[in-house]
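Participant: Below is one structure. I have some questions about it.
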Ligand SMILES: NC(=O)c1ccc[n+]([C@@H]2O[C@H](COP(=O)([O-])OP(=O)(O)OC[C@H]3O[C@@H](n4cnc5c(N)ncnc54)[C@H](O)[C@@H]3O)[C@@H](O)[C@H]2O)c1
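In C-alpha cells, the structure reads:
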C-alpha cells in the first residue's frame, strides 16, 4: 500500500512530548514532509527531552514548554490542530512503582485533560497515541497480538492502558478518530542514554562507548522485540494519514524475538569495544520483569501496508554512528 506523505504538507500538527526521543524523530520527518509542527513538552526529568534533538529543525517548529496537565495551556495549542501525536508520558516502569501517583497524574489525568479538550472543541482532530507493550504483562502466548489479554506487571502498564481506553472512549462519543500504536522496545538516534530506566539499548551504547561495564540482570535469556526508530516514525505517519487504522489498537514491533544477551553482543560489536557482566536481578526489577516477548505486526500491516525495514544489526550500527558524532549532547 503506497502512502502519500506529501499529504502532510501544510497540516497543523501537535506533538506532546515532542522534545523526547520518539517525538523529535517524528518532528524531523514531519518537517521534511512540509507539516506545521508544534512541539509541546514540559522538560521533565528524568525523561528524554533534549534541545539537541531539534538540531537542524529548530527554526522550522514551534516549541511550547508546558505540561499536559495544564488544561488551559494545552487547550490553547490543541485548538486549530488537525493531527495530534500524544507521546508525553511518565515513561519509567520502575518510576511508576516508586511513585504511582506521579505516573497516574501524568499518564491518566494528563490524557483525560486532552480528552476533555477534544470533546469540547469538537474539531474532529485525529489522535495517534503511543501505547506500550507494557499494557500486556507476561504473555500467555507468543507472538502477542491485539487479542491478547492485558495484565500489566506495573503501574505504568495499567495507566498506559487506561489512557488508551480514555482516548478510544472519547473518540467514539465525541466523534474524533483515534489510533493507538502499542510500541515495543524502540531504539535509535536521539534516545536519552543517561540512565537505564528505559531505552536500555541506548544506555548500553553509552556504557560501551565510555568504557563502563554493561550489567546484564540474571542470565540475559529474557527475550524482547526491538524496533528501530525510523520504522516507528513511519508507523506514526501512516496511522495519521490512513483512515483504515482509525479507532483501533495495533502492535508495532519487528516481529523478531531477540535474546537480551544477543542485543548486548550486537551493541558491543557495533561500538567495537565494551564488556558485559552478569549481576543478580535487583528485587524491584525482577518483580516486574517480563520473561519473553515478541509481537506480530500482521494487523497493522493489513491496515496500512506498514512493515519494519531495519533489522537489529543495521539499526544498532546506525545508532552507534549517530552517537559517535553527537555523544557530547547525550552522555552522562
Ligand atoms: N521508547 C520506547 O521504547 C517506548 C516503548 C513503548 C511506549 N513508548 C511511549 O512512547 C512515548 C514517548 O516515549 P519516548 O521514548 O520518546 O520517551 P522520552 O522520555 O524520550 O520522551 C518523553 C517526553 O515527554 C515529556 N513529558 C513527560 N511528561 C510530560 C508532561 N506531563 N507534559 C508534557 N511533556 C511531558 C518529557 O519531557 C519527554 O521529553 C511515551 O508515551 C512512551 O510511553 C515508548
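Residue numbers (this note's numbering): 2 to 333.
Ideal Cβ placement from N, Cα and C applies to all residues, glycine included.
Please read these numbers as outputs of a predicted model, since none were measured by experiment.
Count the other C-beta atoms from every protein chain shown that fall within 10 angstroms of the C-beta of residue 21, then say buried if there are 16 or more, exposed otherwise.
Facilitator: Classification of residue 21: buried, given that the 10 Å Cβ count is 16 or more.
Participant: Quick check: does the Cβ of residue 49 come within less than 7 Å of any heavy atom belonging to ligand 1?
Facilitator: Because some heavy atom of ligand 1 lies under 7 Å away, the Cβ of residue 49 counts as near it: yes.
Participant: Run the proximity test for residue 42: is its beta-carbon closer than 7 Å to any non-hydrogen atom belonging to ligand 1?
Facilitator: Yes, Cβ of residue 42 sits closer than 7 Å to a heavy atom of ligand 1.
Participant: Going by the DSSP bridge assignment, what does residue 86 pair with across the sheet?
Facilitator: Partner(s): 16, 129.
Participant: Grouping DSSP H, G and I as helix and E and B as strand, with all else coil, what is residue 235?
Facilitator: Here residue 235 sits in helix by DSSP.
Participant: Checking the sheet assignment: what are the DSSP bridge partners for residue 252?
Facilitator: Per DSSP, 183.
Participant: Relative to ligand 1, is the shortest distance from any of its heavy atoms to the C-beta of residue 199 smaller than 7 Å?
Facilitator: Yes, the Cβ of residue 199 comes within 7 Å of a heavy atom of ligand 1.
Participant: Where does residue 42 sit, in a helix, a strand or coil, going by DSSP?
Facilitator: Three-state result, residue 42: strand.
Participant: Taking 7 Å as the cut-off, is the CB of residue 10 close to at least one heavy atom of ligand 1?
Facilitator: No, the Cβ of residue 10 stays beyond 7 Å of every heavy atom of ligand 1.
Participant: Using 8 Å as the cut-off, can you tell me whether the segment 243-253 makes contact with the segment 312-330, which would need three or more C-beta pairs spanning the two stretches below that distance?
Facilitator: Because the criterion of three Cβ pairs below 8 Å is not met, the segment 243-253 and the segment 312-330 do not touch.
Participant: May I ask you to report which of helix, strand or coil DSSP gives residue 319?
Facilitator: Helix, per DSSP.
Participant: Of all the beta strand (DSSP E) runs that stay within the bounds of the segment 108-167, which reach a length of 3 or more residues?
Facilitator: 127-133, all fully within the segment 108-167.
Participant: Identify the residues that DSSP records as bridge partners of residue 95: which are they?
Facilitator: Paired residues: none, contrary to the question.
Participant: Is the distance from the Cβ of residue 97 to the Cβ of residue 46 below 8 Å?
Facilitator: Against a cut-off of 8 Å, the Cβ pair of residue 46 and residue 97 comes out as no contact.
Participant: Whole alpha helix (DSSP H) runs in the segment 242-297 with 4 or more residues, listed along the chain?
Facilitator: As far as the segment 242-297 is concerned, its whole alpha helix (DSSP H) runs of at least 4 residues are 261-272, 284-287.
Participant: Within 10 angstroms of the Cβ of residue 268, are there 16 or more other Cβ atoms? Answer buried if so, exposed if not.
Facilitator: When all chains shown are included, residue 268 counts as buried.
Participant: Does at least one heavy atom of ligand 3 sit under 7 Å from the Cβ of residue 92?
Facilitator: With respect to small molecules bound, the structure shown includes ligand 1 and not ligand 3.
Participant: I need the boundaries of the alpha helix (DSSP H) containing residue 305, first residue and last residue.
Facilitator: Looking at the DSSP string, the run of the alpha helix (DSSP H) that includes residue 305 is 299-305.
Participant: With H, G and I counted as helix, E and B as strand and the rest as coil, what does DSSP make of residue 4?
Facilitator: Here residue 4 sits in coil by DSSP.
Participant: Can you pull the DSSP bridge partners for residue 216?
Facilitator: Beta-bridge pairing links residue 216 to 278.
Participant: Round the Cβ separation of residue 295 and residue 224 to the nearest angstrom and send it over; I've been treating them as touching at under 8 Å.
Facilitator: Indeed, because the Cβ distance is near 6 Å, the residues count as touching under 8 Å.
Participant: So for residue 311, helix, strand or coil by DSSP?
Facilitator: Coil, per DSSP.
Participant: Can you pull the DSSP bridge partners for residue 63?
Facilitator: Note: residue 63 sits in a beta bridge opposite 39.
Participant: Does DSSP classify residue 225 as helix, strand or coil?
Facilitator: In this structure, residue 225 counts as strand in the three-state DSSP scheme.
Participant: Which term fits residue 173, buried or exposed, when burial requires 16 or more other beta carbons within 10 angstroms of its beta carbon?
Facilitator: The residue in question, residue 173, is exposed, as its Cβ has fewer than 16 Cβ neighbours within 10 Å.
Participant: Mind checking whether the beta-carbon of residue 73 lies closer than 7 Å to any heavy atom of ligand 1?
Facilitator: No, the beta carbon of residue 73 sits no closer than 7 Å to any heavy atom of ligand 1.
Participant: Just how far apart, CA to CA, sit residue 317 and residue 71?
Facilitator: In a straight line, the C-alpha of residue 317 is about 37 Å away from that of residue 71.
Participant: Cutting at 8 Å between CB atoms, please list the residues of its own chain near residue 305, excluding the five before and the five after it.
Facilitator: The answer, listed in chain order, is 2, 4, 236, 239, 240, 243, 245, 246.
Participant: Check whether the segment 285-299 touches the segment 209-216, counting contact only when three or more Cβ pairs, one atom from each stretch, lie closer than 8 Å.
Facilitator: No, the segment 285-299 is not in contact with the segment 209-216.
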